Amino acid sequence: MIRLVLVGTSHHHAPVELREQVALDRDAAQELAARLAADGREAACLSTCNRTELYVVADDAEQAERDAVAALASLGAEVEPALYRLHDRAAAHHLFRVAAGLDSLVPGEGEILGQVRLAHELGTTGPLLDRAFRQALHAGRKVRAETAIGQSPASVSAAAAALAEQVFGSLEGRSILLLGAGKVSEQAARNLRSRGAEIALVANSKTERERIGEELTRVDVVIASTSAPGLVLEAATVADVLRRRKSRRLLLVDLAVPRDLDPAIRELDGCYLYDIDDLEGIVTETLSLRRREAERAESIVAAEAEKFHEWHAALDVVPVIASLRARAEEIREAELQKAESLLGKLDDSQRRAVEAVTAQIVNKLLHPPTVRMKEAAAAADGVLYAEAVRHLFGLGEDER
Amino acid sequence: MAELLFWPALLLYGEAAVGYFGDVRRPGRAGRAATWGVRLGWLAQTALLAVQAARDDGFPWGTWASSLSLFVWLVVSAYLIWGCRRPYRLLGLVVMPLAVALLVVARAGGGTGVGTASHYSNLFLVVHVGLVLAAFAGFTLAAALSGLYIWQEGRLRSRPATVLRRQMPALATLDSLALRTVAWSVPLLTLGAAVGLVRLVVRNDQVDALVAVTAATWIVWCSYLGLRLLGGWAGRRAAYLALAGFVLVVVVRLALPATHFA
Chain Z
0 MIRLVLVGTS HHHAPVELRE QVALDRDAAQ ELAARLAADG REAACLSTCN RTELYVVADD
60 AEQAERDAVA ALASLGAEVE PALYRLHDRA AAHHLFRVAA GLDSLVPGEG EILGQVRLAH
120 ELGTTGPLLD RAFRQALHAG RKVRAETAIG QSPASVSAAA AALAEQVFGS LEGRSILLLG
180 AGKVSEQAAR NLRSRGAEIA LVANSKTERE RIGEELTRVD VVIASTSAPG LVLEAATVAD
240 VLRRRKSRRL LLVDLAVPRD LDPAIRELDG CYLYDIDDLE GIVTETLSLR RREAERAESI
300 VAAEAEKFHE WHAALDVVPV IASLRARAEE IREAELQKAE SLLGKLDDSQ RRAVEAVTAQ
360 IVNKLLHPPT VRMKEAAAAA DGVLYAEAVR HLFGLGEDER
Chain R
0 MAELLFWPAL LLYGEAAVGY FGDVRRPGRA GRAATWGVRL GWLAQTALLA VQAARDDGFP
60 WGTWASSLSL FVWLVVSAYL IWGCRRPYRL LGLVVMPLAV ALLVVARAGG GTGVGTASHY
120 SNLFLVVHVG LVLAAFAGFT LAAALSGLYI WQEGRLRSRP ATVLRRQMPA LATLDSLALR
180 TVAWSVPLLT LGAAVGLVRL VVRNDQVDAL VAVTAATWIV WCSYLGLRLL GGWAGRRAAY
240 LALAGFVLVV VVRLALPATH FA
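First to last, the protein sequences are chains Z and R. According to numbering that gives the first Met the number 0, numbering within the first sequence proceeds without interruption in unit steps and concludes at 399. According to numbering that gives the first Met the number 0, numbering within the second sequence proceeds without interruption in unit steps and concludes at 261.
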């Protein structure tokens, strides 16, 4: 039987000090997969900041596992105790969960789907691994389409960007004013820029802050995170600016503690002010929603993994089914040959009818055993059934 | 035949209205089922209108009840342009119950059967009734978009932790869609009303209450366009003005038509 083996480690099992030892870039992942796929095996390497996993398909699962462990241990010897090893059904189910983002640090995060796709592309895959990755990607997409697991932002910076989209729609061409340049505000600005917004001004120094009033009439989003002890922007200033903006909306995000933006700005028409507590509240709510949606996602993943398992298990009995059908066809044709003297008197249409009837009889006879063998294969009795069929019908005896 | 088509249309619109309520509680399947309800219901109502048009000798929507049925169809048609998209499903919560209620009223007034043709000339009715109804359908949709804007803006200002839970159109999108819808609807109303006015003068008829309120409606929606395009109005102020304009549409469509159509 062809076996699927998974050896790897992730944020659940290893701290970053260990994970960074086995983290692989594109080329290294491709090279390692090619090396493990020697001798007719299949292999793929999934390496992200949270996990490094090797998927190997081989006839000898134990040897494949030993090779995969050795490959990872050669990158970092201390990582070995933190490695998990999964086979066949469990390995496939794990891959499907990973693709759906259910094994991620933040449930439902979307980046992992692209990383699984990349691992598939860089791997040395064959029929089994190809099918496993394709079906895992399908499961990941299905989970995202049918649940709300990936819909809401899972970080303060992503929440700020999502709020901006909720106000302005597309952020293409929108401009941002950064007051101060803290780490979170930088992340928020990066998030906004990745969606098409542009940074109009980073007001870090006192001189630059004097230009704030002038810039405020032009920008769409203000992100504040200075270390100033008091308010940097008063409500009266914003009220004056809003009069000049003529109904253009303004989103203000205050990430500083103590706050930079006057809370009284909230009372003004045409602008929306969010502080760090508001954003953290959104993120907490999002994460709890994702956890709730994860339950629905698990059932989708389980169903998809089951389909893969049935397909994989059926591979065991496929050669026997093929032999059985070939033997039946051989017998049918031989019997028709024997009856040639009688059949020779028939016209073409009568001949075709006889051919069709005999083929139909063979198909009808073989249909139930074919279906039952596939079912038995999914229930782990496939090998026994295959052996029984081989014995009862004398399949493969000629070769022995 | 018309009877056979009325019930599927009503039931499917009803299913859509219920589905949209379900979608508020748990976004997903209920919303998708509701969208299909709108699509199939619209097809059934389209078939119903086609049967009316084929069976009647003349313009079949010349009575207030049958024009109400046509109005429902126009509103649902306009809604279908955006309603199939997920962020706009909440709009269905307003549009579809309204469609169900108006369709029931139209049936009660005998506007969904055959034999509702008017004695007026076809061309006059097509231009006058058709354009005015299309404009009112546009105003209805613009008002629904404005209502959604006010609701969504209120949420963004009150900053609940769940503000991003539901997929919603952006404020700027709602605002510009409402403007575009009104920008299409005002010329239709202008043309439709002008045709009616010319006929009124030619026949030396009296100006009734419906004509007067329609004129007021036209003034409000023209003001809306003017204030938005020239006065720099946008957002909440414009949305409230759209709702005020819609109140007049409701009065014109529901409170006054009986005398006018008589």
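Backbone N, C-alpha and C fix where the C-beta goes; we use that ideal spot for every residue, glycine too. Everything numeric in this text was worked out from a predicted model, so none of it was measured.
Boundaries (first-last residue) of the alpha helix (DSSP H) holding residue i
i              : result
residue 274(Z) : Unbroken run through residue 274(Z) is the beta strand (DSSP E), 270-274; no alpha helix (DSSP H).
residue 64(Z)  : 60-74
residue 46(Z)  : Counting along the chain, residue 46(Z) falls outside any alpha helix (DSSP H), though it belongs to the beta strand (DSSP E) covering 41-46.
residue 155(Z) : 155-167
residue 339(Z) : 339-342
residue 172(R) : 170-201
residue 129(Z) : 126-145
residue 218(R) : 208-228
residue 77(Z)  : No alpha helix (DSSP H) holds residue 77(Z); DSSP gives it neither H nor E.
residue 105(R) : 88-107
residue 160(R) : Element bounds for residue 160(R): n/a, residue is neither H nor E.
residue 60(R)  : Premise fails: residue 60(R) is in no alpha helix (DSSP H) and is neither H nor E.
residue 212(Z) : 211-215
residue 26(Z)  : 25-35
residue 402(Z) : Given that chain Z is displayed from residue 0 to residue 399, the structure contains no residue 402(Z) and the question cannot be resolved.
residue 21(Z)  : 15-21
Beta-carbon proximity list for residue i, same chain, < 7 Å, skipping 5 on both sides
i              : result
residue 216(R) : 244, 247, 248, 251
residue 132(R) : 66, 69, 70, 73
residue 36(Z)  : 42, 123
Neighbourhood of residue i by C-beta, 8 Å cutoff - its chain only, sequence neighbours within 5 removed
i              : result
residue 108(Z) : 100, 149, 153
residue 334(Z) : 357
residue 398(Z) : Its pLDDT being 46, under 50, residue 398(Z) is placed unreliably by the model, and the measurement read from it follows with that caveat. So the list is empty, once near-sequence residues are dropped.
residue 219(R) : 240, 243, 244, 247
residue 345(Z) : 353
Terminal residues of the beta strand (DSSP E) in which residue i lies
i              : result
residue 174(Z) : 174-178
residue 247(R) : Unbroken run through residue 247(R) is the alpha helix (DSSP H), 234-249; no beta strand (DSSP E).
residue 251(Z) : 249-253
residue 221(Z) : 220-223
According to DSSP, residues forming a beta bridge with residue i
i              : result
residue 202(Z) : 178(Z)
residue 7(Z)   : 52(Z), 83(Z)
residue 232(Z) : 260(Z)
residue 197(Z) : 174(Z)
residue 123(Z) : 42(Z)
residue 2(Z)   : 57(Z)
6 Å Cβ shell around residue i - same chain, five flanking residues per side excluded
i              : result
residue 85(Z)  : 5, 93
residue 111(R) : 5, 68, 105
residue 144(R) : 173, 176, 177
residue 34(R)  : 83
residue 369(Z) : 320
CB contact below 9 Å: residue i versus chain B
i             : result
residue 34(R) : Included in the structure are the protein chains Z and R, with no chain B among them.
Any non-hydrogen atom of the ligand HEM within 8 Å of residue i CB
i              : result
residue 135(R) : The model on display carries no ligand, and the ligand HEM is accordingly not part of it.
Stretch pair the segment 161-176 of chain Z + the segment 121-130 of chain Z: three plus CB contacts closer than 8 Å: no
contact_flag[the segment 148-162 of chain Z, the segment 51-71 of chain Z] where n(CB pairs < 8 Å) is 3 or more: no
Contact between the segment 131-140 of chain R and the segment 166-182 of chain R (3+ Cβ pairs under 8 Å): yes
Three-pair Cβ contact test at 8 Å for the segment 195-204 of chain Z versus the segment 241-261 of chain Z: no
Contact list for the segment 147-166 of chain R against chain Z, Cβ threshold 7 Å: 155, 156, 158, 160, 161, 162, 163, 164, 166
Residues of the segment 277-299 of chain Z whose Cβ lies closer than 8 Å to any Cβ of chain R, in chain order: 277, 280, 281, 283, 284, 285, 288
Residues from the segment 147-167 of chain Z in contact with chain R, defined by Cβ distance under 8 Å: 147, 150, 151, 152, 158, 161, 162, 164, 165, 166, 167
Residues from the segment 261-276 of chain Z in contact with chain R, defined by Cβ distance under 8 Å: 265, 268, 269, 271, 273
Cβ-based contacts, 9 Å cut-off: residues of the segment 234-258 of chain R near chain Z: 234, 235, 236, 237
The segment 198-209 of chain Z touching the segment 167-184 of chain Z, judged by at least three CB pairs closer than 8 Å: yes
Segment contact, 8 Å Cβ cut-off, at least three pairs: the segment 269-283 of chain Z with the segment 249-257 of chain Z: yes
Near-chain R residues of the segment 225-250 of chain Z (beta-carbon distance less than 7 Å), N- to C-terminal order: 245, 246, 248
Three or more C-beta pairs below 8 Å linking the segment 358-374 of chain Z and the segment 291-302 of chain Z: no
Sufficient close CB pairs (3 or more, under 8 Å) joining the segment 68-86 of chain Z to the segment 109-117 of chain Z: no
Meets three-Cβ-pair contact criterion under 8 Å: the segment 7-23 of chain R and the segment 80-98 of chain R: yes
Interface residues of the segment 169-182 of chain R facing chain Z [CB-CB below 7 Å]: 169, 170, 171, 172
Three or more C-beta pairs below 8 Å linking the segment 256-270 of chain Z and the segment 222-237 of chain Z: yes
Positions along the segment 15-29 of chain R whose CB lies within less than 8 Å of some CB in chain Z: 26, 27
Chain Z contacts made by the segment 72-91 of chain R, where a contact means CB separation under 9 Å: none
Residues in the segment 211-229 of chain R having any Cβ partner in chain Z nearer than 8 Å: none
Any 3 or more C-beta pairs closer than 8 Å across the segment 278-288 of chain Z and the segment 153-162 of chain R: yes
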